[in-house]
Ligand SMILES: [Fe+2]
Ligand SMILES: [Fe+2]
């Protein structure tokens, strides 16, 4: 038996972002090489390791990102997405290790390390892009609200699966195509290309979340649709904002029967007549 938990914790607790990405990619490789075959319950701290910079601010104090203001606006946008990707690495590591006591199959860990590995790739793509624009991750303040959903669901696996991949990452599918168009419109093809890579990978992350959410509902004999809606009402503050990228969500096997009834202003889900 080779327990992955100590190495998962080591990556989760690592305050150095590039080192965290490196440790995460090594974990994924270790799983593929058969270096680990189980995850034993271990204590996961409430928060991941973080560098001193960026300064974390309440969401209302983070300056808005406008790409029309040239390089500065693009750097702010890419910095904000890099911060989301860093949180996504930790969310995936946390998912793989925190719920070990539920006795899930090791495929659960494998799947979330696949996701964590993608998130590490996304973070490094953005970090490198920021450096090529004479900036770096940590140069600007960032949003302190991203770990809230993780804290709220830290003792509820179904809740975590309902929110992290199926609300937060699914939201990424809705907004990223517009961001790609915006960076293209200011001639930044390099950033557009990396956002396109992120967009394509994120479809599989939502699909992974949906597959495991259904699995957990099956084990607990719960109806997936009504359970998901109840968990979203319980843990997610605010409305689900349309318009939804219904095609990308469908590609992730996430049907509108789940999220449609919770949409703010439900009429926007109707096809044009
Ligand atoms: Fe990502
Ligand atoms: Fe993701």
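In this note's numbering, the protein residues as written are -10 to 262. By construction, the Cβ of each residue, glycine as well, lies at the ideal position given by its N, Cα and C atoms.
With 16 or more other CB atoms across the displayed protein chains lying within 10 angstroms of its CB, residue 3 is buried. Look at the beta carbons and you see the segment 123 to 138 not touching the segment 201 to 212: under three pairs across the two are nearer than 8 Å. Secondary structure of residue 31 (DSSP, three-state): coil. As computed with DSSP, residue -8 is found in a beta bridge with 27. Here the alpha carbons of residue 212 and residue 147 stand approximately 12 Å from one another. Per the C-alpha coordinates, the member of 0, 243 and -7 positioned closest to residue 158 is 243.
Take residue 99, set aside five residues on each side of it, and the residues of its chain with a beta-carbon closer than 7 Å to its own are 20, in chain order. Going by C-alpha positions, residue 156 is about 31 Å away from residue 176.
At least one heavy atom of ligand 1 lies less than 8 Å from the C-beta of residue 187. Here residue 229 carries a strand assignment [DSSP, helix/strand/coil].
Taking a cut-off of 8 Å on C-beta distances, the segment 27 to 34 touches the segment 76 to 91, as three or more cross pairs fall below it.
Contact between the segment 134 to 147 and the segment 230 to 248 is absent: fewer than three C-beta pairs spanning the two stretches fall below 8 Å. In this structure, the C-beta of residue 138 stays at least 8 Å away from each heavy atom of ligand 2. Secondary structure of residue 115 (DSSP, three-state): helix. Chain order is used for the residues whose beta-carbon lies nearer than 7 Å to a heavy atom of ligand 2, namely 77, 104, 107, 108, 158, 161, 190, 191 and 194.
For residue 74, the shortest separation between its Cβ and any heavy atom of ligand 1 lies below 8 Å. Of all alpha-carbon atoms in 1, 67 and 97, the one lying nearest the alpha-carbon of residue 172 is that of 67. Remark: the shortest separation between the CB of residue 132 and any heavy atom of ligand 1 does not fall under 8 Å. If you keep only unbroken alpha helix (DSSP H) runs of at least 4 residues inside the segment 197 to 231, you get 213 to 224. The alpha-carbon of residue 5 is positioned some 18 Å away from that of residue 118.
The nearest non-hydrogen atom of ligand 1 is less than 8 Å from the C-beta of residue 111. Under the DSSP assignment, residue 174 falls in the alpha helix (DSSP H) whose first and last residues are 159 to 174.
A Cβ-Cβ separation of about 5 Å places residue 224 in contact with residue 141 under the 8 Å criterion.
Out of 96, 188 and 179, the CA that lies nearest to the CA of residue 167 is found in 188. Looking at the DSSP output, residue 46 shares a beta bridge with 132. Annotated three-state conformation of residue 252 is strand, per DSSP.
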